[in-house]
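The structure appears right after this line, and notes come after that.
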Amino acid sequence: MRLKDKIALVTGGSQGIGLAIAVRFAAEGAKVAVAGLDKEALEETAAYITDKGGQAIAIEADIRYRADVDRMVDEALREWGRIDILVNNAGVNRTASFLEITEEDWDWHLDINLKGTFLVSQRVAKEMVKLGSGGSIIQMSSVNGLAAEADQAHYNAAKGGINLLAMSMAVELASYDIRVNSLCPGFIETRLTKPLIENPPAIAEYLKTIPMKRVGQPEEIASAALFMASDESRYMTGHCMVIDGGQLIKLS
Ligand SMILES: NC(=O)c1ccc[n+]([C@@H]2O[C@H](COP(=O)([O-])OP(=O)(O)OC[C@H]3O[C@@H](n4cnc5c(N)ncnc54)[C@H](O)[C@@H]3O)[C@@H](O)[C@H]2O)c1
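UniProt numbering puts the first residue of the sequence shown at 1, with every later residue one more than the last.
Now the structure itself:
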């Protein structure tokens, strides 16, 4: 077991990539707090993990709000006393052309994807520093944080910000034995990407941009998250790991 007795907090842990990470971490021995917006789905995830012999709790919280973030972290600490691994996975994406992005669109993307990541990171990092226990923080970015996709300026900007946030944190927190890395998935099969996957002509066209000619699976991101969370990556910090079937390296 690669995460035996570690305590992990996974935001957006009730579905998609976050769910796969929570399940994988629990299978590797971690006690996992799954947090997010959907109480029922979070409780189902925690029950699923517990049924499989793992340990998990569900915490309803909206990461846009400091009060929610504090309550979420306090609940995890009350349960297990510390947090060793944080996965800032919660995120949203709604396409709009640059000329049509509304102020609300912009705020929604930046508040959840970037500000939420900052709020949770800062609170958890403070606890890690206070306890002197070190830790691993994983920020869920995207290939959109490294290259621009049309109709995603708000999402691209937020994910690019996450990569620099991760590097900034890595620089400042290294002396506390806290590592901070980001994951940059390509196109992964989840609720977020369902509309495109369920449109045969559109997905056939899209797959031409991916050298491996298939969409990725949440479990393939969970494997990378496991590496980042475990001691196997103990000399790695400030790194952005791309998992995209080769999409980003292709010129045309
Ligand atoms: N699916 C992809 O192709 C892909 C690619 C690159 C990056 N990502 C990133 O991976 C992460 C997970 O994506 P997914 O595809 O599993 O999406 P998803 O929509 O299936 O899951 C997103 C999760 O975030 C939670 N969430 C949303 N707003 C929240 C808020 N304000 N507070 C707390 N939780 C909130 C949702 O409840 C949900 O559990 C996101 O950050 C996304 O940007 C996804």
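C-beta: ideal position from N, C-alpha, C; glycine also. All figures in this text were calculated on a predicted structure; none of them were measured in a lab.
When secondary structure is reduced to three states using DSSP, R66 falls in the helix class.
Residue range 153-173 is occupied by the alpha helix (DSSP H) that includes M167. In this structure the segment 161-176 does not lie against the segment 61-78, because fewer than three pairs of beta carbons, one per stretch, are closer than 8 Å. For V92, the shortest separation between its Cβ and any heavy atom of ligand 1 lies below 7 Å. Excluding the 5 residues flanking it on each side, V92 has same chain C-beta neighbours closer than 6 Å at I112, in chain order. If you draw a straight line from the Cα of K6 to the Cα of S97, it comes to about 43 Å. Counting every other CB atom within 10 Å of its CB across the protein chains shown gives G132 a total below 16, marking it as exposed. For the segment 192-225, the continuous alpha helix (DSSP H) assignments of 4+ residues that do not extend past its boundaries occur at 194-197, 200-207, in sequence order.
Non-local beta-carbon contacts of G16 in its own chain, meaning distances under 8 Å to residues more than five positions away in sequence, involve I188, T190, R191, L192, P218 in chain order.
Across the set D177, A46, G135, I101, the C-alpha of A46 shows the shortest separation from the C-alpha of G36. One alpha carbon belongs to I101, the other to R2, and they sit about 43 Å apart. The closest heavy atom of ligand 1 lies 7 Å or more from the beta carbon of L251. In this structure, ligand 1 has a non-hydrogen atom nearer than 7 Å to the beta-carbon of F187. DSSP places R234 outside both helix and strand once states are collapsed to three, so it counts as coil. Within a 10 Å sphere around the beta-carbon of P185 sit 16 or more other beta-carbons, which makes this residue buried. Closer than 7 Å to some heavy atom of ligand 1: that does not describe the Cβ of M167. No Cβ-Cβ contact shorter than 8 Å links D105 with A8. Unbroken beta strand (DSSP E) stretches of 3 residues or longer found wholly inside the segment 34-86: 55-60, given in chain order. Taken through DSSP and simplified to helix, strand or coil, T102 comes out as coil.
Partner residues in the beta bridge of Q139, as assigned by DSSP, are N88, S182. Within the same chain, A202, I203, Y206 come within 7 Å of L196 by CB-CB distance, once the 5 residues on both sides are set aside. Not a single heavy atom of ligand 1 lies less than 7 Å from the C-beta of N199. Membership of L251 in any alpha helix (DSSP H) is not indicated, and neither H nor E is assigned to it by DSSP. In chain order, I57 place their CB closer than 6 Å to the CB of E79, counting only its own chain and leaving out the 5 sequence neighbours on each side. Beta-bridge partners of L9 (DSSP): A33, L86.
Pairing I221 with F25, the inter-Cα distance amounts to about 12 Å.
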